[in-house]
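The structure appears right after this line, and notes come after that.
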Amino acid sequence: MLEARIEQASVLKRVIEAIKDLVPDCNFDCNDTGIALQAMDNSHVALVAMLLRADGFSPYRCDRNIALGINLNSLTKVLRCAQNEDMITLKADDAPDSLNLVFENTENERISEYDIKLMDIDQEHLGIPDTEYSASITLPTAEFQRICRDLSQLSESVAIEATKEGVKFSCSGDIGNGSVTLRTHQNVDKPELSTKVDLTEPVNLTFSLKYLVNFCKASSLSQTVTLSLSNEVPLLVEYKMDNGYVRFYLAPKIDE
Amino acid sequence: KIFQGQIFKFFLEG
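Chains A and B, in that order, are what the protein sequence lines are.
Residues in the first sequence are numbered from 336 upward in steps of one, following this note's numbering.
Residues in the second sequence are numbered from 8 upward in steps of one, following this note's numbering.
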């Protein structure tokens, strides 16, 4: 059986909020390393991979592989019943038809308990190869969100060009064109506001802004985001957490 | 024209 207690409901709330619009129904794969998820969006253009490592829970117990097929809108409704500072305990049997959630508030001794019905979800699991990316760009999450939001006003797609000097996001649309360039720099006082580019060769790829804007719903998970690019492979957008990650993969636009 | 690729093609072939 699964028993996993997380100290702060807000962590789980933010993770689900980050992915629910992209993948409304998905399997949470639980085993002794933690709770993982991999799912493609309906159009098969983007893929979400999430991991909450076992050491982010206390206690964590899961002796065999358990798949929890969950509708994330249902889970969101139940998580709204938890306060951010509540502890959440997740419980499920070995062959579960429901997931049990207990919210505990130690301050006012309030305990609430919910069960969500599970679904059978037939999900294709993709093998994601370990990739040495040509460019990895780490930038403030809020900056990436702003760039995506700004450029999406002008165009459906954005070209991301990484060079030694920095990264340039540019777009063109019916009303005109626009670009934002971030030069590599280090903020000593606030390292999370730095922009860093690790580059083995320059890259220039085009992506759908609609998806990137959607990925930015994960902005509350981390102060920085890493974009990893190589020519002709999907973009990796990674939000790291203390005990896990949310990764989004997005297929590039291709000239035909 | 620019077409969006489908993600699974990259990972199955990759």
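Every residue, glycine too, gets a C-beta built ideally from N, C-alpha and C.
- Where N408 of chain A is concerned, there is no enclosing beta strand (DSSP E), although the alpha helix (DSSP H) around it starts and stops at 407-414.
- Between the stretch 543-551 of chain A and the stretch 492-506 of chain A, the count of Cβ pairs shorter than 8 Å is three or higher; the stretches touch.
- The DSSP-derived three-state label of V350 of chain A is helix.
- Taking 8 Å as the cut-off, the Cβ atoms of G369 of chain A and G579 of chain A count as close.
- Residue burial annotation: E573 of chain A is buried, with at least 16 other C-beta atoms found within 10 angstroms of its C-beta.
- Counting every other CB atom within 10 Å of its CB across the protein chains shown gives S543 of chain A a total of 16 or more, marking it as buried.
- DSSP places Q373 of chain A inside the beta strand (DSSP E), whose first and last residues are 369-375.
- The contact set of G462 of chain A on chain B, defined by CB atoms closer than 7 Å, consists of F18 in chain order.
- In this structure, T466 of chain A places its C-beta atom within 8 Å of the C-beta atom of S565 of chain A.
- Judged by pairs of C-beta atoms under 8 Å, the stretch 376-389 of chain A does not touch the stretch 478-489 of chain A, as fewer than three such pairs exist.
- Residue burial annotation: I446 of chain A is exposed, with fewer than 16 other C-beta atoms found within 10 angstroms of its C-beta.
- Membership of F550 of chain A in the alpha helix (DSSP H) is indicated by the continuous run 544-550.
- The residue from A:D360, A:I341, A:L570 with its alpha-carbon nearest to that of S469 of chain A is A:L570.
- Taking the Cα of D367 of chain A as reference, the smallest distance to any Cα among A:D390, A:D455, A:L486 is reached at A:D390.
- Take E500 of chain A, set aside five residues on each side of it, and the residues of its chain with a beta-carbon closer than 7 Å to its own are R518, T519, in chain order.
- A430 of chain A sits in coil when the DSSP states are folded into three classes, being neither helix nor strand.
- Here the alpha carbons of I463 of chain A and P526 of chain A stand approximately 30 Å from one another.
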